[in-house]
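Below is one structure, written out as structure tokens; comments come after it.
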Ligand code: MG
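Numbering (our numbering), first residue to last: 828 to 1215.
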């Protein structure tokens, strides 16, 4: 029985993780979780899993209210509460399904407390990849990717070693606006952006998919996860989202992983690897009815943030955190209807332009870069949004 801590439990990946745990009740049990502001989800999980002994919510007032309802449980709150949960030694694996930079610290603290982490939070590596890899080296712990692309690469690497790899190929559906021109991108709405053609995901990441920022983040994640140079990471457009990514070996043989676009598959693999468990899926891939698959070069003129991610990743230091911080602010402003779609990239470029490069020595360097970037980006939006 593997004991899990699940952070971001009420989000899209969190709920799908719960689904996997319910499919294998004799293999996994959730012993604690974090749900942010969704206290209804907390009640639901406490009913579902008698194994739960402690959990964390965002607000102190919610924690106090729930403590009256659940006097037997340990109820924590805020960022410090999450850190306290992951530092405990009562579990085997942290599943980090938090969204945004908030996911970094729990990953970092869990590794330092000698826990393996199944990671869906991509900002952890985009911002602090060097710090995370140092922590993994110091502790001998493992990081298991949940992102479908990195799970595909990980699966395609089984039985081989990174020394034999020439390139990693990350596939990209292109998001909601893959066929639109720059002119058309000026007027797109939040609703249009949230209608992803293939994947059902949370709002923030669906917008990141539409700008290709998400794909850029995945390039940076791949660099840290697999220890590969940016020049050997390739992105290929593949609108069907059937091939989830691939590994090209030194002999030019390419191993790809295929499957229906269903996040529960990479989630389950992160919990069971290198074993494979049965998985109940309504529409598994049928090769006979699949038809044609398409591949193309990404257009970084229309979607410059993919190129920006490569450039930022190569420069390293604190710039990943700067890129991410500006994106979090601009993404949220677009979702709130405060800025047009193309002002997301404009804000990010302006913030990167103004940033001061600094090497990352400690998590504090990272928090500083994140705070500076978010405040600069917000200021930029406040000053310039009226002209749009
Ligand atoms: Mg992905």
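Beta carbons are placed, not taken as given, at the ideal position from N, Cα and C, and that holds for glycine.
- Task: Kindly list the residues whose CB is nearer than 6 Å to the CB of residue 1064, restricted to its own chain and excluding five residues on each side of it in sequence; keep chain order.
- Result: Position 237 of the chain shown, counted from the start, is the residue given in the question as residue 1064. Excluding sequence neighbours, residue 1064 sits near 999, 1001, 1123, 1125.
- Message: Residues in the same chain with beta-carbon distance under 8 Å from residue 864, minus the five sequence neighbours each way, listed in chain order, please.
- Response: Along the chain shown, one-based indexing puts residue 864 at 37. These residues qualify, in order along the chain: 884, 885, 886, 889.
- What residues in its chain sit with their C-beta under 8 Å from that of residue 873, if we drop five residues either side in the sequence? Taking the first residue of the chain shown as 1, we reach residue 873 at position 46. 879, 882, 897, 900, listed in sequence order.
- Cα-Cα separation, residue 847 to residue 1101: Looking up residue 847 in the chain shown gives position 20. Looking up residue 1101 in the chain shown gives position 274. Linking residue 847 to residue 1101 through their CA atoms gives a straight-line distance of about 16 Å.
- Going by Cα to Cα distance, which pick from 1148, 836, 941, 1087 is closest to residue 952? Stepping through the chain shown from its first residue, residue 952 is reached at position 125. Cα-wise, what sits closest to residue 952 is 1148.
- Query: Grouping DSSP H, G and I as helix and E and B as strand, with all else coil, what is residue 1115?
  - Reply: Position 288 of the chain shown, counting from 1, holds the residue named residue 1115. Residue 1115: helix per DSSP, three-state reduction.
- Query: Where residue 1170 and residue 915 are concerned, what is the direct C-alpha to C-alpha distance, given to the nearest angstrom?
  - Reply: Counting from one through the chain shown, the residue named residue 1170 turns up at place 343. Counting from one through the chain shown, the residue named residue 915 turns up at place 88. If you draw a straight line from the Cα of residue 1170 to the Cα of residue 915, it is about 43 Å long.
- Hey, out of 837, 1179, 851, whose CA is closest to residue 1103's CA? Within the chain shown, the letter at position 276 stands for residue 1103. Answer by Cα proximity: 851.
- Compute the beta-carbon to beta-carbon distance between residue 948 and residue 925, rounded to the nearest angstrom, for a pair I have assumed lies under 8 Å. Residue numbering aside, residue 948 sits at position 121 when the chain shown is read from its first letter. Residue numbering aside, residue 925 sits at position 98 when the chain shown is read from its first letter. Sure, about 5 Å apart at Cβ, within 8 Å.
- Message: Is the separation between the beta-carbon of residue 1090 and that of residue 857 shorter than 8 Å?
- Response: As a working note, residue 1090 is residue 263 in the chain shown. As a working note, residue 857 is residue 30 in the chain shown. For residue 1090 and residue 857, no; Cβs fall outside 8 Å.
- Message: Just to confirm my understanding: we take residue 1055, look at its own chain, exclude 5 residues before and 5 after, and list those with CB closer than 8 Å. What are they?
- Response: Position 228 of the chain shown, counted from the first residue, corresponds to residue 1055. These residues qualify, in order along the chain: 989, 992, 995, 1049.
- Query: According to the Cβ coordinates, are residue 935 and residue 955 closer than 8 Å?
  - Reply: As a first step, residue 935 is located in the chain shown; it is residue number 108 there, counting from the start. As a first step, residue 955 is located in the chain shown; it is residue number 128 there, counting from the start. In contact: residue 935 and residue 955 (Cβ atoms closer than 8 Å).
- Quick one: Cα of residue 893 to Cα of residue 902, how far? For this step, residue 893 is matched to residue 66 along the chain shown. For this step, residue 902 is matched to residue 75 along the chain shown. Roughly 8 Å between the two C-alpha positions.
- Touching or not, the segment 1072 to 1086 and the segment 1019 to 1030, by the rule of three or more beta carbon pairs under 8 Å? No contact exists between the segment 1072 to 1086 and the segment 1019 to 1030.
- Would you give the residue range spanned by the beta strand (DSSP E) that residue 1076 belongs to? Position 249 of the chain shown, counted from the first residue, corresponds to residue 1076. From DSSP, the beta strand (DSSP E) with residue 1076 extends over 1070 to 1076.
- Selected residue, minimal CA-CA separation from residue 1132, among 1141, 1041, 1021, 904: Numbered from its first residue, the chain shown carries residue 1132 at position 305. Looking at the Cα atoms, 1041 is the closest of the given residues.
- With a CB to CB cut of under 8 Å and the five nearest residues on each side skipped, what residues in its chain are close to residue 928? To locate residue 928, count along the chain shown from 1; it is residue 101. Shown here for residue 928: same chain residues with a beta carbon closer than 8 Å to its own, the five before and five after excluded, namely 950, 954, 1148, 1151, 1152, 1155, 1197 in chain order.
- Query: Using a threshold of 7 Å, is the CB atom of residue 1206 nearer than that to any non-hydrogen atom of ligand 1?
  - Reply: The residue you call residue 1206 lines up with position 379 of the chain shown. Ligand 1 has no heavy atom closer than 7 Å to the beta-carbon of residue 1206.
- Message: Can you determine whether any heavy atom of ligand 1 sits closer than 7 Å to the C-beta of residue 957, and answer yes or no?
- Response: Counted from its first residue, the chain shown places residue 957 at position 130. Using a cutoff of 7 Å, the CB of residue 957 does not count as near ligand 1, since none of the ligand's heavy atoms is closer than that.
- Task: Could you pull out every residue in the same chain whose Cβ sits closer than 8 Å to the Cβ of residue 1175, ignoring the five residues on either side in sequence?
- Result: Along the chain shown, read from residue 1 onward, the residue named residue 1175 stands at position 348. Around residue 1175: 1040, 1132, 1135, 1150, 1153, 1154, 1157, 1204.
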